[in-house]
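Read the structure below first, then the notes.
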Amino acid sequence: MSEKIILQNPPSDVINFNWNEPSSTFKLDTHSPSEESLNDGFLLVEIKYLSNDPTQRTWIRGDQDPKRAYHPPVQKGAIVESLGLGEVVATKSSKYQKGDVVVGLFGWAKQIVVHEEAVANKVDTSLGLPLPLYLSSLGMTGLTAYFGLTEVGKIKEGQKVLVSAASGATGSMAVQLAKHVFKASKVYGIAGSDEKCKWVESIGADYCANYRDGDWKKKLSEAIGDDFVDIYFDNVGGEILDFALAHVKGWGRVIACGAISGYNDPSKARVNNWFQIISNRLHVEGFIVLDYKDKIPAAVQVISGALKEGKIKSTEGVALVDITGKSLAEVPQIWNRLFTDEKPLGKLVTKIA
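Just so we're aligned: 251 in full-length UniProt numbering is position 251 of the sequence shown, and the numbers increase by one with no gaps anywhere.
Shown next, in the form of structure tokens:
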């Protein structure tokens, strides 16, 4: 028998992590996937690493309209979905062989049966790169930052860029790519502590504001100056987005990547500064990384090159929590760190095997 975590009660507001309560959001369960149960085109994957992403909160919401969701909501009783990395242990797919290491949309389970289309890419293990990198710099996190800057932000050398949640997984990649790969003249970050800001500056930001400081807006405004920024990479929404809209120059671009401030409480992600968009003719565009699926190979080449040249720090930006040999019961609380003061620097990855 193999452990899995299913969505027992899709939450409309606060998540209930108390396993023993009937209203618990999640349920720890077991299943017995086997090669015999595979249909054509399917494979059995033994998961090694789980990606922790804020957007998973939107996948499990119980009060959303599926017709307006970019990703089909996780159904009650189904395994909670997650990006992950694992090894193919059985296959009826012509695309993947037993022993292949793959990255894809899997779930909170030690083993899972998925269709071959759920696999994003096969890892070239001969490169010898740390496997968690394929869920961070070389995974959807790095690609989100890359396509946000290139396809939505239309970034050009010499421009000024502001990034919120700059110590997070996507934000920290956006800082590094903007500064070291696309040669922005100035990169400004916003993060939640002095320690995080110091780290953000160490990876490329010219200045980082701690939004918990009472005068952070004044300090950041002074740092940015009267000519403002060309691009704002938004990961949070809400109050910070309101501030940023007043600091993007006319005809500038706002990359709408995330709204973590409102994933648990949508009211906190509201925008109260909409007139800035009108009066300054700002271009605001949302996107999903898979919009650019055909461009992923080229993007991976650019990011890989930046890693090899030391422009992106491969030894930093991944916070690994190892629960190998333990129950999956710890997985939801590790993921929930993304929404608390325990949120780590960079990408949060859980090693389960």
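Each residue gets a CB set at the ideal place from its N, CA and C atoms; glycine is no exception.
Here Val88 carries a strand assignment [DSSP, helix/strand/coil]. Within its own chain, the residues whose Cβ lies closer than 7 Å to the Cβ of Val284, once the five positions on either side in sequence are excluded, are Val254, Ala256, Ile277, listed in chain order. For Leu85, the closest of Asp294, Asp13, Lys92, Val45 by C-alpha to C-alpha distance is Val45.
Sorting Gly225, Ala165, Val119 by C-alpha distance to the C-alpha of Cys197 places Ala165 at the top. Out of Leu129, Phe26, Arg57, Glu342, the CA that lies nearest to the CA of Lys308 is found in Leu129. Thr141 is positioned such that its CB atom lies closer than 8 Å to that of Ala169. One thing to note: Pro132 has its Cβ within 8 Å of the Cβ of Val349. Closest in C-alpha terms to Tyr211, from the list Val123, Ser202, Glu195, comes Glu195.
Apart from the 5 residues on each side of it in sequence, Phe17 sits with its Cβ closer than 8 Å to the Cβ of Ser24, Thr25, Phe26, Pro332, Gln333, Asn336 in its chain, given in chain order. In the DSSP assignment, Arg253 is bridged to Ile231, His283.
If only complete runs of 4 or more residues are kept, the stretch 47-135 shows the alpha helix (DSSP H) at 56-59, in order along the chain.
In the same chain as Gln176, and ignoring 5 residues on each side of it, the C-beta atoms closer than 6 Å to its own belong to Ile203, Gly204, Ile312, in chain order. Around the beta-carbon of Met173, 16 or more other beta-carbon atoms lie within 10 Å, marking it buried. Per the Cβ contact rule, the stretch 290-298 is in contact with the stretch 143-157 (3 or more Cβ pairs under 8 Å).
Where Asp242 is concerned, the enclosing alpha helix (DSSP H) starts and stops at 238-245. Distance from the CA of Gly225 to the CA of Ala178, rounded to the nearest whole angstrom, comes to 19 Å. Leu241 and Asp234 have their C-alpha atoms spaced approximately 7 Å apart. Taking a C-beta distance under 8 Å as the contact criterion, Ile6 and Gly77 qualify as a contact pair. DSSP lists Leu348 as the bridge partner or partners of Ala319.
Runs of the alpha helix (DSSP H) spanning 4 or more residues and lying entirely within the stretch 164-220 occur at 169-176, 194-202, in chain order. For Thr324, the secondary structure class from DSSP, reduced to helix, strand or coil, is coil.
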